[in-house]
Amino acid sequence: MDPAPLSLAQRAGHACAVCDKRWPRPTERIGDLPDGAPVLVCVECAGPCG
Ligand SMILES: [Zn+2]
93 MDPAPLSLAQ RAGHACAVCD KRWPRPTERI GDLPDGAPVL VCVECAGPCG
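The working numbering applies: residue 93 is where the sequence shown begins, and numbers increase by one.
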C-alpha cells in the first residue's frame, strides 16, 4: 500500500487507516506498508466480509 495518505498514527497501527478512529484499536489487517508494517483498520471499516 501507498503510505503517503496515512498519518503517523495510522502507519504505526494506532489509528484506523480508513476513518482514523483510535478506539477501539484497529485490529483488521488490510495490507502492509513497504517497510513491512501492517496497515490496520477497525472492524467497522473492514466490514463483515473482512
Ligand atoms: Zn475505521
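Quick reminder that beta carbons are idealized off the backbone N, C-alpha and C, glycines included.
When you measure from the CB of Val110 to every non-hydrogen atom of ligand 1, does any distance come out below 7 Å?
Yes; taking the cut-off as 7 Å, the Cβ of Val110 has a heavy atom of ligand 1 nearer than that.
So, at 6 Å on beta carbons, what are the nonlocal neighbours of Ala101 in its own chain, with the 5 sequence-adjacent residues on each side left out?
Correct list, in chain order: Ala107.
So what does DSSP say about Val135, is it helix, strand or coil?
Here Val135 sits in helix by DSSP.
For the alpha helix (DSSP H) that Arg103 lies in, which residues bound it at each end?
100 to 103 is the extent of the alpha helix (DSSP H) around Arg103.
Within 7 Å: the Cβ of Val131 and any heavy atom of ligand 1?
Not so, every heavy atom of ligand 1 lies at least 7 Å from the Cβ.
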